[in-house]
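To start, the structure itself, in C-alpha cells.
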Amino acid sequence: MASIKLKSITKTFKDITAVKEIDLEIKDKEFFILLGPTGAGKTTTLRLVAGLEKQDKGEILLDNKNVSDIGPALRDVAFVFQYYTLYPNYTVKQNLEFPLKSKLRRLPRKEIDKKVSEVSKILHIEHLLGRNTVNLSGGEMQRVAIGRAIVRTPKVFLMDEPLSNLDAKLREEMRVELARIHLDLNSTFFYVTHDQIEAMTMADRIAVLNEGEIIQIGTPKEIYKTPENVFVAEFIGSPEINLFNAAIEDNKLIINERAMVYSMTDEQHRLISKYNRKNIIVGVRPEDIEITREKGSVNSFKSTVYFSQSIGAEDILNLKIDNRTIFKAVAPPKFMTKIGEKIYANFRMEKSHLFDIESKKRLK
Ligand SMILES: Nc1ncnc2c1ncn2[C@@H]1O[C@H](COP(=O)(O)OP(=O)(O)OP(=O)(O)O)[C@@H](O)[C@H]1O
Ligand SMILES: [Mg+2]
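Position one of the sequence shown corresponds to residue 10 (the numbering used here), numbered consecutively onward.
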C-alpha cells in the first residue's frame, strides 16, 4: 500500500488547462476524495495518477517513488471507471480472474481461486459467480467492477464516480459498502465525485477542485464548518447555505435595506473592524436558523412560510421576509407550519460565515 503525491501538476489539452499546478499529498491507507463540479478536472487528475495521461509539468510520486515516466501497467494502480467495463459474455468469475491472469502476474490456479473467493465474499457476489455479466443489474455490475479492481492487491485504488450510474437507494448502500471495503482492504483510495454527500460520508479528507484548481483540503467537518470561500460554502451542504449581501454599520449587518438588521458577535465585530470595506457576504446554514413562534432575543426576524419541503424526519422551510429576502431553515421535528403562516427565524450569528465581497474568500 502507498501514499500518493502530486507536485505542481499541470495538464493542458490544446487551449484548455484541465489541471493547474495541483499539489496533493494522499496518505497511505487514506480514503481521499477529490470533489468538484463537472469539468473541474477530476477525471484528468485520476488519469494522470494512473499514467493514462502524461502531465505537462510536475511530478507524481507513488509510495515516494517518482512514477512520472513509468507507464500505466507498471504503476500498479487499480482503476474503477464511472462506466463499468466488464467483459460481456464472460461469467462474473471469469471477469474477476482476468486481472490475475495478466502476463505481469501469472498466478497459479489455486492462488487465483482463493483470491476470487475472498473478493466475492467481501462484495457479497458469491451467488453471482457463475452468471453471465450481461444479465446483471447495474448495482451487481458495479460490485463486480469493483471486485475486479480489488482482486489483485495494487498499491492504490483510483475510482472515478463509480456510483453515479446507480439509483439513489443503491448509491446509499454502496456508500456504506465502499467505506467498509476500504477498512477491510486497509489500503489507499483516491476517489473522485461531484456528489458532496458521497464525499462527506465516505472521505477521511476531501480536496475541493474547481476549474482545475484546488480550493480547499480538509476533513469533511473542517470543510463544512470553515469553508474557505463562497464556492465551497455553496457546494457543500444540503440544503444549501443562505447567502446575503450585507452593508456594514457599526456592529450591525444591514441586509436588503433593513429587511434584516443583524447583530454581530464581538469577535465578528473585531474581525470586520479591521476590514476596510462597506459590504460583506454573510452565509448562514439552514440548520443554524432556529424556528420559533415567539420572538427571540437577538437576530430574530418575523418571516412568512412560503413553502415547506418534507425530507422525512424534518421539514425544510422556505421563508420570506420581503420579496428579496428569501432563505431556508430547518424546522424542528413536529413543528407544524402552514403556507402563509408567520413565524420567527432566529439566526445563530456565532455560526454564520463572513466572506469578502470581491475575492469571495472567508474573513479570518
Ligand atoms: N482528452 C481531452 N481532450 C480535450 N479536452 C479534454 C480532454 N479530457 C478532458 N478535457 C477537458 O478538460 C476539462 C476537465 O475535464 P475532466 O474530464 O477532467 O473533468 P471532470 O471533473 O472529470 O468532469 P465530470 O464531472 O463531468 O466527469 C474539461 O474542460 C474537459 O473538456
Ligand atoms: Mg469526470
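Even for Gly, the Cβ is constructed at its ideal location relative to N, Cα and C.
For this session: Can you tell me which of E34, F199, T54, Y93 puts its alpha carbon nearest to the alpha carbon of A27?
Result: For A27, the nearest C-alpha among the options comes from T54.
Exercise. Among the residues of its own chain, which have a CB less than 7 Å from the CB of L109, if the five just before and after it don't count?
Worked result: Hits under 7 Å: L116, I121, K124, V160, R161.
Exercise. Cα separation between E135 and K360?
Worked result: Each residue's alpha carbon lies about 49 Å from the other.
Exercise. Can you tell which of T210, I155, H203, L192 has the C-alpha that lies nearest to the C-alpha of E181?
Worked result: Selection T210, I155, H203, L192 evaluated against E181 yields T210 as nearest (Cα-Cα).
Exercise. For L33, which of S146, F166, I224 has the nearest alpha-carbon?
Worked result: Checked all of S146, F166, I224; the closest Cα to L33 is I224.
Exercise. Do V217 and G45 have their C-beta atoms closer together than 8 Å?
Worked result: Yes. Within cutoff.
Exercise. Where F310 and S272 are concerned, what is the direct C-alpha to C-alpha distance, given to the nearest angstrom?
Worked result: One C-alpha to the other measures close to 12 Å.
For this session: Compute the beta-carbon to beta-carbon distance between Y88 and A212, rounded to the nearest angstrom, for a pair I have assumed lies under 8 Å.
Result: The question names Tyr, yet the displayed sequence has Phe at residue 88. The pair is not a contact, with the Cβ atoms about 19 Å apart (cut-off 8 Å).
Exercise. Looking at T54 and ligand 2, is the gap between the Cβ and the nearest heavy atom below 7 Å?
Worked result: For T54, the Cβ stays outside the 7 Å cut-off from all heavy atoms of ligand 2.
Exercise. How many angstroms separate the CA atom of R140 from the CA atom of Y96?
Worked result: Between R140 and Y96, the C-alpha separation is close to 12 Å.
Exercise. Roughly how far, in whole angstroms, is the beta-carbon of K51 from the beta-carbon of V201, given that I think they are within contact range, below 8 Å?
Worked result: With a beta-carbon spacing of about 4 Å, K51 and V201 fall inside the 8 Å limit used to define contacts.
Problem set entry | Per DSSP, cross-strand counterpart(s) of R333 | According to DSSP, R333 bridges with nothing at all.
Exercise. Going by alpha carbons, who is nearest to G221 out of I31, Y233, E149?
Worked result: With respect to the C-alpha of G221, the residue from I31, Y233, E149 having the closest C-alpha is I31.
Problem set entry | Sequence-distant residues of the same chain with beta carbon closer than 6 Å to I226, five excluded per side | Contacts found: A216.
Exercise. Leaving out the 5 sequence neighbours to the left and right, which residues in its chain are closer than 7 Å to G156 when beta-carbon positions are compared?
Worked result: Its chain contains L105, V128, S129, L132, I134 as the residues whose beta carbon lies nearer than 7 Å to that of G156, once the 5 sequence neighbours on both sides are disregarded; these appear in chain order.
Exercise. Taking the alpha-carbon positions, what's the E62 to G80 distance?
Worked result: Looking at the two C-alpha atoms, the distance is approximately 10 Å.
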